[in-house]
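In full-length UniProt numbering, the protein residues as written are 1 to 59. We put the CB at the ideal spot given by N, CA and C, even for glycine. Keep in mind that this is a model prediction, so the values were computed, not measured. Take a look at the structure below.
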Amino acid sequence: PTGQLPFTIAKDVNDYIPVIEKVDVPDPVDKFTESICVDYRYFDKYNKPVRYEFGYGLS
């Protein structure tokens with residue numbers, strides 16, 4: 001293993017994209033409206049500060 005992160009870790013929990021819409025239904029569904037702007041692409045597009053970037057080495 002290389003010890004590199006396969007995802008980005010935000011500085012603040014509120015900087016993450018909501019996973020599912022908060023609706024009162026038995027089976028909530030995510031509509032994936034963010035397109036390809038997930039993980040590091042989301043942080044790059046919206047200039048969100050991160051604690052550890054995608055691919056950062058923690059070994």
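Same chain only: Cβ atoms within 8 Å of residue i, ignoring 5 sequence neighbours per side
i          : result
residue 45 : 37
residue 26 : none
Residue i vs residue j beta-carbon contact at 8 Å
i          : j         : result
residue 42 : residue 5 : no
Cβ-based neighbour list, residue i, same chain, cut-off 6 Å, excluding 5 preceding and 5 following
i          : result
residue 40 : 8, 54
Given residue i as reference, the closest of the options once Cα atoms are compared
i          : options        : result
residue 32 : 25, 13, 17, 26 : 17
7 Å Cβ shell around residue i - same chain, five flanking residues per side excluded
i          : result
residue 11 : 49, 50, 51
residue 15 : 48
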